[in-house]
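Here is the structure we will look at, set down as structure tokens.
Numbering (this note's numbering), first residue to last: 427 to 700.
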């Protein structure tokens, strides 16, 4: 009898459970790689809220991989699955952990989305015709704007357009491409702000993908937990039946021993039996 045959006789659904364990390991390795990328990213990603929270989620991912390997090892080592009570306990804890981790990572992704919106928006600066303007010194006309002198320097941060400066008059506004000097608040340059915003967007995408995988892991653990509950119920029911059968067999043997003729109670030697 082969190993697979023995396992199939012990648990006819073992193949489905084995496939779920393998899928769980794969779907745990992928978010681990994503979190390593987050922690290895430049300072902006590491110092953001999403970077601080990424390290904590290695714990349920690592425990899920270890438990899956142990469960599969016991299955093939003993030629039968482990006691379903272990599956109920471990899978329940991991399901709760993944549910919390998925919700927390989704929340952190939302916070990162707010950071992206904040860094992409320069509402604190003066806005005119959809551009963000800063004062400059390059003479481009005779008219000034809001006390900025002869020119107003603009940079479209949201659309990542080239640096521009704008000359204005009483009736028109002309955009001139160029490399005028300008400043973005709290940044060394607007190019640095654009690069940091782009990094935050990539961080947001990775965070959302990791949250999705954590939710998938939670779903797999929930299925395995429910399956473990069913197996545990069947195991306990069979244990009750086996206990009753053993008690009945012991009672029958005891009755047979009581009714069996004792030495000296049988037919005496030379006695005729009619």
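Note that beta-carbon positions come from the ideal geometry of N, C-alpha and C, so glycine has one too.
Note that the structure is predicted; figures quoted are calculated from it, not measured.
Q. Around the Cβ of residue 633, are there at least 16 other Cβ atoms within 10 angstroms (buried) or fewer (exposed)?
A. buried
Q.
Can you give me the C-alpha to C-alpha distance between residue 480 and residue 650, rounded to a whole angstrom?
A. 26 Å
Q. Does residue 435 have its Cβ less than 8 Å from a Cβ in chain D?
A. Protein chains in the displayed structure number just one, and chain D is not present.
(Q) Taking its Cβ as the centre, do 16 or more other Cβ atoms sit within 10 Å of residue 514, making it buried, or is it exposed? (A) So residue 514 ends up on the buried side.
Q) Taking buried to mean at least 16 other C-beta atoms within 10 Å of its own C-beta, is residue 490 buried or exposed? A) buried
Q: Report yes if the CB atom of residue 447 is closer than 8 Å to the CB atom of residue 500, and no otherwise.
A: No, Cβ-Cβ distance for residue 447 and residue 500 is not below 8 Å.
Q: Count the other CB atoms, across all protein chains shown, that sit within 10 Å of the CB of residue 640; report buried if there are 16 or more and exposed otherwise.
A: buried
**Q.** Backbone CA spacing between residue 434 and residue 440 [nearest angstrom]
**A.** Going from the Cα of residue 434 to the Cα of residue 440 covers about 7 Å.
Q: Take residue 621 and list the residues in its own chain whose beta-carbon comes closer than 8 Å to its own, dropping the five residues that flank it on each side.
A: Cβ neighbours of residue 621 beyond the five flanking positions: none.
Q | Of the listed residues 467, 526, 443 and 459, nearest to residue 508 (C-alpha basis) | A | 443
Q. Does the distance from the CB of residue 661 to the CB of residue 486 come in under 8 Å?
A. In this structure, residue 661 keeps its C-beta atom at 8 Å or more from the C-beta atom of residue 486.
**Q.** Residues of its chain near residue 658, where Cβ-Cβ distance is below 6 Å and the 5 sequence neighbours each way are ignored
**A.** 510, 511 and 514
Q: Please look up how many angstroms separate the CB atoms of residue 449 and residue 528, rounded, as I've assumed it's under 8 Å.
A: Their Cβ separation, rounded to whole angstroms, is 16 Å, which puts residue 449 and residue 528 out of contact at 8 Å.
Q: Note the first and the last residue of the continuous alpha helix (DSSP H) segment covering residue 505.
A: Unbroken run through residue 505: none, as it is neither H nor E.
Q) Looking at residue 524 and residue 643, is the spacing between their C-beta atoms short of 8 Å? A) yes
Q: Go to residue 434, then tell me how far its alpha helix (DSSP H) extends in each direction, as first and last residue.
A: Here the alpha helix (DSSP H) through residue 434 covers 429–436.
**Q.** Nearest-angstrom beta carbon gap, residue 542 and residue 464 [assumed within contact, 8 Å]
**A.** Taking 8 Å as the upper bound for CB-CB distance, residue 464 and residue 542 are not in contact here, some 15 Å apart.
Q: Would you kindly work out how many angstroms separate the C-alpha atoms of residue 646 and residue 455, rounded to a whole number?
A: Each residue's alpha carbon lies about 14 Å from the other.
**Q.** Cβ pair residue 502, residue 429 closer than 8 Å
**A.** Between residue 502 and residue 429, the gap from beta carbon to beta carbon is short of 8 Å.
Q: Starting from the C-beta of residue 445, find all residues in its chain whose C-beta is less than 8 Å away, skip the five residues before and the five after it, and write them out in chain order.
A: none
Q. Roughly how many angstroms lie between the CA atoms of residue 536 and residue 654, to the nearest whole one?
A. Going from the Cα of residue 536 to the Cα of residue 654 covers about 35 Å.
(Q) For a quick check, are the C-beta atoms of residue 483 and residue 521 less than 8 Å apart? (A) In this structure, residue 521 does not lie closer than 8 Å to residue 483 by Cβ.
Q: Using 10 angstroms around the beta-carbon of residue 466, count the other beta-carbons present and answer buried if the total reaches 16, otherwise exposed.
A: exposed
(Q) Do residue 504 and residue 437 have their beta-carbon atoms positioned less than 8 Å apart in this structure? (A) no
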